[in-house]
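Q:
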Amino acid sequence: MKILKNIAIGFTVSFLGSLPLGFLNVVGLEVYSTLGLQAVSWFILGIIAIECIVAYYTLIFANELVQNKKLMKWIDIFGIFFFLAIAVVFYEQGEATQEGGGYLQGYLNWPMFWFGVFLNCLNFLQIPFWLAWNLYFINGKFIVTDKALKFYYVGGTMVGVYVGMLSIIYFLDKISKQIAFVTEYLLPIVLPIFFLVMAVYQSYKVYQKYFSNKNQLEA
Numbered sequence: 009m010k011i012l013k014n015i016a017i018g019f020t021v022s023f024l025g026s027l028p029l030g031f032l033n034v035v036g037l038e039v040y041s042t043l044g045l046q047a048v049s050w051f052i053l054g055i056i057a058i059e060c061i062v063a064y065y066t067l068i069f070a071n072e073l074v075q076n077k078k079l080m081k082w083i084d085i086f087g088i089f090f091f092l093a094i095a096v097v098f099y100e101q102g103e104a105t106q107e108g109g110g111y112l113q114g115y116l117n118w119p120m121f122w123f124g125v126f127l128n129c130l131n132f133l134q135i136p137f138w139l140a141w142n143l144y145f146i147n148g149k150f151i152v153t154d155k156a157l158k159f160y161y162v163g164g165t166m167v168g169v170y171v172g173m174l175s176i177i178y179f180l181d182k183i184s185k186q187i188a189f190v191t192e193y194l195l196p197i198v199l200p201i202f203f204l205v206m207a208v209y210q211s212y213k214v215y216q217k218y219f220s221n222k223n224q225l226e227a
């Protein structure tokens, strides 16, 4: 029962975490529409390779990481520039795609597994995501991390990421072929604005958490 519970919780949180319109899903859509199912499967497996390492070590060292305030602060600050960079990349990609090119075209010549590894290595914001969920599950005794049981939880997260990403990529591919709005406005307009808003929101969170007068007085 503990094994099934660990697998189910790991699967659920990673599946739901993979569904929002993130930059990895959009790049995955480009890979799928250009190179097909096998290529995007290798791409997702590359993402999973990094994701499972992050999920495992944030599970093992959850309390230590939370106490490292300086590390968490720099990860949060990095998130601002990360979202801004993604906004610029997708804007330039959208403009170039309309002219028959684009940044991503060169990367599609990479082995897709290593392309997924490379992109997910840049995704530092997955650390706070997994840290928060792992602490919640451990403190609430929703999962058991004794001995080998933690590996069933991590295994569930790996399957959840694969199924979640493949589902949203397949869905986006279908609607992009039927709705002109997706191909004409998603990359050059909607996604840059979305990630720009995320950068502003991340800036607000960083200010409130680290630089507001209230938090400085509490510190």
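Add 8 to a position in the sequence shown, counting from 1, and you land on the number used in our numbering. All C-beta atoms in this analysis are idealised placements derived from N, C-alpha and C, irrespective of residue type, glycine included.
1. Compute the Euclidean distance between the alpha carbons of K158 and I61, then round it to the nearest angstrom.
2. Can you tell me whether V152 is helix, strand or coil according to DSSP?
3. Can you give me the start and stop residues for the alpha helix (DSSP H) that M166 sits inside?
4. How far does the alpha helix (DSSP H) with G25 in it reach, from first residue to last?
5. By DSSP, does S220 sit in helix, in strand, or in coil?
6. Does the beta-carbon of N142 have 16 or more other beta-carbons within 10 angstroms, so that it is buried, or is it exposed?
7. For G124 and D84, what's the separation of their Cα atoms in angstroms?
8. Identify which residue in N14, S184, G172, V34 has its Cα closest to the Cα of L67.
9. Expressed to the nearest angstrom, what Euclidean distance is found between the alpha-carbon atoms of V198 and Y178?
10. Could you check the C-alpha separation between K149 and F31 for me, to the nearest Å?
11. If you draw a straight line from the alpha carbon of W138 to that of F69, how long is it in whole angstroms?
12. Within its chain, find whatever has a CB closer than 6 Å to the CB of A95; leave out the 5 residues flanking it on each side and keep chain order.
13. Buried or exposed for F42, going by 16 or more other Cβ atoms inside 10 Å?
14. Roughly how many angstroms lie between the CA atoms of G163 and I146, to the nearest whole one?
15. Within the same chain, show all residues whose beta-carbon is closer than 8 Å to that of K213, passing over the 5 residues directly before and after it, in chain order.
16. When DSSP labels each residue in this structure, what does G108 get in the three-state scheme?
A: Concretely, from the data shown:
1. By 1-based counting over the sequence shown, the position of residue 158 is 150. By 1-based counting over the sequence shown, the position of residue 61 is 53. Near 12 Å, if we compare the C-alpha coordinates of I61 and K158.
2. Within the sequence shown, residue 152 is the residue found at index 144, counting from 1. The answer is coil: DSSP assigns V152 none of H, G, I, E or B.
3. Within the sequence shown, the letter at position 158 stands for residue 166. Unbroken alpha helix (DSSP H) run through M166: 157-186.
4. Sequence index remark: in the sequence shown, residue 25 carries index 17 (1-based). Membership of G25 in the alpha helix (DSSP H) is indicated by the continuous run 10-26.
5. As a position in the sequence shown, residue 220 is number 212, starting the count at 1. Reduced to three states, the DSSP call for S220 is coil.
6. Translated into positions along the sequence shown, residue 142 becomes position 134. With 16 or more other Cβ atoms within 10 Å, it is buried.
7. Reading the sequence shown from its first residue, position 116 is the one you call residue 124. Reading the sequence shown from its first residue, position 76 is the one you call residue 84. Spanning the alpha carbons of G124 and D84 requires a straight line of approximately 22 Å.
8. Counting from 1 along the sequence shown, the entry for residue 67 is found at position 59. Comparing Cα positions, the closest option is N14.
9. Walking along the sequence shown from the start, residue 198 turns up at place 190. Walking along the sequence shown from the start, residue 178 turns up at place 170. For the pair V198 and Y178, the Cα-to-Cα distance works out to about 19 Å.
10. For the purposes of this step, residue 149 is taken as the residue at position 141 of the sequence shown. For the purposes of this step, residue 31 is taken as the residue at position 23 of the sequence shown. K149 and F31 have their alpha carbons spaced roughly 32 Å apart.
11. The residue you call residue 138 lines up with position 130 of the sequence shown. The residue you call residue 69 lines up with position 61 of the sequence shown. The alpha-carbon atoms of W138 and F69 are separated by roughly 11 Å.
12. Within the sequence shown, numbered from 1, the residue matching residue 95 stands at position 87. P200, F203, L204, listed in sequence order.
13. Translated into positions along the sequence shown, residue 42 becomes position 34. Checking the sequence shown, residue 42 turns out to be Thr, not Phe. Classification of T42: exposed, given that the 10 Å Cβ count is below 16.
14. By 1-based counting over the sequence shown, the position of residue 163 is 155. By 1-based counting over the sequence shown, the position of residue 146 is 138. Distance between the alpha carbons of G163 and I146: 17 Å.
15. Taking the first residue of the sequence shown as position 1, residue 213 is located at position 205. D84.
16. In the sequence shown, residue 108 corresponds to position 100, counting from 1. Summary for G108: the model assigns pLDDT 49, below 50, so the residue's position carries little reliability; its value from the coordinates is reported in the next sentence. Correct three-state label for G108: coil.
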